[in-house]
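Presented below is the structure to which this report refers.
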Amino acid sequence: MPEQKINILAIESSCDDTAAAVLCNGKILSNIVATQKVHVQYGGVVPELASRAHQQNIVPVIHQALATANIDKKDISAIAFTRGPGLMGSLLVGTSFAKSLAMGLNIPLIEVNHMQAHILAHFIEEEGYDKPEFPFLAMTISGGHTQIVKVSDYFEMEVIGETTDDAVGEAFDKSAKIMGLPYPGGPLIDKYAKEGNPKAFKFPKPKVDGLNFSFSGFKTAVLYFIQKETKNDPDFVEKNLKDICASIQYTIIGILMDKLKKAVKETGISQVAIGGGVSANSGIRQALVDAEKKWGWKCFVPKFEYTTDNAAMIGIAGYYKYLQKDFADLSITAQSRYKF
Ligand code: KG4
Ligand code: ZN
Numbered sequence: 003m004p005e006q007k008i009n010i011l012a013i014e015s016s017c018d019d020t021a022a023a024v025l026c027n028g029k030i031l032s033n034i035v036a037t038q039k040v041h042v043q044y045g046g047v048v049p050e051l052a053s054r055a056h057q058q059n060i061v062p063v064i065h066q067a068l069a070t071a072n073i074d075k076k077d078i079s080a081i082a083f084t085r086g087p088g089l090m091g092s093l094l095v096g097t098s099f100a101k102s103l104a105m106g107l108n109i110p111l112i113e114v115n116h117m118q119a120h121i122l123a124h125f126i127e128e129e130g131y132d133k134p135e136f137p138f139l140a141m142t143i144s145g146g147h148t149q150i151v152k153v154s155d156y157f158e159m160e161v162i163g164e165t166t167d168d169a170v171g172e173a174f175d176k177s178a179k180i181m182g183l184p185y186p187g188g189p190l191i192d193k194y195a196k197e198g199n200p201k202a203f204k205f206p207k208p209k210v211d212g213l214n215f216s217f218s219g220f221k222t223a224v225l226y227f228i229q230k231e232t233k234n235d236p237d238f239v240e241k242n243l244k245d246i247c248a249s250i251q252y253t254i255i256g257i258l259m260d261k262l263k264k265a266v267k268e269t270g271i272s273q274v275a276i277g278g279g280v281s282a283n284s285g286i287r288q289a290l291v292d293a294e295k296k297w298g299w300k301c302f303v304p305k306f307e308y309t310t311d312n313a314a315m316i317g318i319a320g321y322y323k324y325l326q327k328d329f330a331d332l333s334i335t336a337q338s339r340y341k342f
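First residue of the sequence shown: 3, per this note's numbering; consecutive thereafter.
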């Protein structure tokens with residue numbers, strides 16, 4: 003008997019990316035992302051504008067995902083969507099669309115937690131990529147979250163450390179903004195850091211108990227440093243951009259790696275995965291490669307296109323829920339704060 007084909011249409015709309023993907027038995031057939039450009043001029047995501055842009059993008063993005071996958075609507079087995087966490091106005095667009103389409107096609111609806119999906123992205127069927135074995139540790143690092151999670155099974159996850167204030171992506175973006183770089187500044191800091199000296203300037207590391215993080219003090223330290231230096235030399239940032247970026251990135255990665263080391267020591271688990279937008283950072287990716295050599299960890303670094311927000315990760319989470327017949331009721335609502 004031929005293997006049953008489980009086709010999942012996945013929709014992601016939690017922040018400022020409208021995304022849709024189609025997966026067949028855990029393999030990606032299409033993965034479409036429309037990144038909203040409207041926010042750049044405001045230096046950050048404007049929730050109302052994000053919601054409106056999702057409304058404009060969602061139909062063409064889903065059309066493109068189905069067309070690229072060469073799948074007809076009638077061949078979709080289930081629809082997976084991001085229920086939360088995220089911006090309410092953004093989540094509502096994806097949630098309402100997913101519910102309506104599932105009702106119209108009379109197929110199951112699957113709700114997905116966005117942060118679990120960042121972790122489960124490691125289970126997408128990809129040639130040349132190993133999947134982690136349970137239990138493993140996952141560090142989710144994005145513009146909205148910074149967590150260390152103990153993953154015992156696909157949907158059995160425990161947060162063992164998290165930020166008490168800003169997320170690590172905000173530390174990147176806000177530092178970039180202080181230097182006059184456009185939003186989102188994380189990728190730009192990464193780019194300039196490649197050519198700078200990471201030890202040129204020293205920034206303080208916060209002292210936080212246990213496995214938790216704090217980044218608000220770091221951002222303030224960067225602000226005071228730049229203010230002080232530009233008072234002496236108005237062109238300080240321009241002249242030292244690469245070294246400042248390298249030093250900021252070096253400090254942030256040091257903060258993340260210190261906590262990961264502590265988590266490995268405390269749990270005795272040395273399989274470590276990263277996920278979320280900041281896992282695109284070349285410094286953190288290299289730090290994990292080094293950790294394999296130095297400490298014998300087994301590290302899982304996501305393929306670049308599964309780091310920032312995407313629907314492929316929602317689809318893989320949806321696929322594993324489909325296998326467990328974990329379907330949502332049509333009365334389900336979006337949840338901006340959604341713990342797991
Ligand atoms: O996961 P994501 O796309 O959205 C959220 O769920 O927040 O993460 C976006 C964040 C932004 O803060 C962005 O600056 C950061 O990820 N980011 C990076 C890099 N690429 C994206 N930060 C540092 N280095 C990068 N290469
Ligand atoms: Zn995300």
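Beta carbons are placed, not taken as given, at the ideal position from N, Cα and C, and that holds for glycine.
In the structure shown, Ser338 adopts coil according to DSSP, grouped into three states. Checking the 7 Å criterion, the Cβ of Thr310 is within range of a heavy atom belonging to the ligand KG4. Runs of beta strand (DSSP E) with 3 or more residues, each lying fully within the segment 82-134, are found at 111-115, listed in chain order.
Residue environment analysis places Val61 among the exposed positions, since fewer than 16 neighbouring C-beta atoms fall within 10 angstroms of its C-beta. Listed as beta-bridge partners of Ile30 by DSSP are Leu25.
When secondary structure is reduced to three states using DSSP, Gly163 falls in the strand class. Note that the C-beta distance between Val210 and Ser216 is below 8 Å. The three-state reading of DSSP puts Gln38 in coil, since its state is none of H, G, I, E or B. With a threshold of 16 other beta carbon atoms within 10 Å, Glu14 meets it and is buried.
The segment 149-158 makes contact with the segment 134-141; the number of CB pairs closer than 8 Å reaches 3 or more. From the listed residues Lys29, Leu11, Gly46, the smallest Cα separation to His65 is found for Leu11. In this structure, Ser144 has its CB closer than 7 Å to one or more heavy atoms of the ligand ZN. Short of 8 Å from the beta carbon of Phe306, and not among the five residues preceding or following it, lie these beta carbons of its own chain, in chain order: Ala282.
Taking all protein chains shown into account, Met117 has 16 or more neighbouring C-beta atoms within 10 Å of its C-beta and is therefore buried. In the same chain as Thr142, and ignoring 5 residues on each side of it, the C-beta atoms closer than 6 Å to its own belong to Met117, His120, Gln149, Gly277, Gly278, in chain order. Under the DSSP definition of a beta bridge, Val151 partners with Ala140, Val161. Taking all protein chains in view, the Cβ of Pro304 is crowded by 16 or more other Cβ atoms within 10 Å, so the residue is classified as buried. When the alpha-carbon of Asp311 is set against those of Ile8, Ala22, Asn9, the nearest one is in Ala22.
Every beta strand (DSSP E) of 3 residues or more that sits fully in the segment 257-284 is shown, in chain order, as 273-277.
For Phe302, there is no enclosing alpha helix (DSSP H); the residue is part of the beta strand (DSSP E) that begins and ends at 300-302. Less than 8 Å divides the Cβ of Tyr185 from the Cβ of Gly46.
Ser272 has its alpha-carbon roughly 15 Å from the corresponding atom of Ile162. A residue is called buried once 16 or more other Cβ atoms fall within 10 Å of its Cβ, and Gln6, having fewer, is exposed.
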